[in-house]
């Protein structure tokens, strides 16, 4: 199993550009989430999903869109990149509560710089 | 706003010593989890403790949970240089609402050989 795969690992965008951060998991996990990590701020939840077709907003959703058309994939779209979105982005997945609570598996992150 | 506050923000110890990190949170929870992050890497799950548990062990890790004080601690015994990393607590509020971990700001642990 590959676990949680994030692509790309690094990206530089110009202000106003759009892009999609990809996240895929091969563990048949129902729950998936996107976080951003900024220095001194810890991880903050952007969007999350409890299953295919179901998404919801986290703490800092503005400027980001998500969709969950399959169990495996949970892409994060930046609509119009701003310098404030410069951050490291992590995708995570976990089993649903029905299968018992467990820890989350994290991807290795995407380091995004917006200039 | 973030759920957890971690203390201390940074901790430096010698190899072989014990390291204790504390986490406080604001709301009721279903479970609390601890994660490790090595520099420039993703987070790795260490241990999960449920709200009806008071203590849990995993190898050299010992986690306690006091729901009356809304606090948890992570103890790493006989620390090694390889334990150098940032450690985060994360709370999971609801049994049936997944994907919504709320993280603290982390403790940066440095273990000197």
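Chains as they are written, first to last, in this note's numbering: chain A, 13 to 127; chain B, 310 to 422.
We put the CB at the ideal spot given by N, CA and C, even for glycine.
Just so you know, these numbers come straight off a predicted model, no measurement behind them.
query	result
Are the CB atoms of residue 43 of chain A and residue 4 of chain A within a distance shorter than 8 Å?	Outside the shown range of chain A, which is 13 to 127, sits residue 4 of chain A, and nothing can be said about it.
Which value, in whole angstroms, describes the spacing of the CA atoms of residue 127 of chain A and residue 369 of chain B?	44 Å
Per DSSP, which residues does residue 336 of chain B bridge with? Please list them.	Partner(s): none; residue 336 of chain B has no beta bridge.
Spatial neighbours of residue 360 of chain B within its chain, please: C-beta separation below 7 Å, excluding the five flanking residues on both sides.	338, 339, 340, 376
Note down the Cα distance separating residue 92 of chain A from residue 77 of chain A, rounded to an integer number of angstroms.	11 Å
Residues in its own chain within less than 6 Å of residue 100 of chain A by CB, not counting five upstream and five downstream?	49, 121, 123
For the region 40 to 64 of chain A, enumerate the residues whose C-beta is nearer than 8 Å to any C-beta of chain B, in chain order.	42, 43, 44, 45, 47, 52, 53, 54, 55, 56, 57, 60, 61, 62
Can you tell me which of the three DSSP states residue 38 of chain A falls into?	coil
To test your reading of the DSSP string, which unbroken alpha helix (DSSP H) runs of 4 or more residues are found completely within the region 37 to 103 of chain A?	none
Do you know whose CA, among A:33, A:96, A:35, A:56, lies nearest residue 409 of chain B's CA?	A:56
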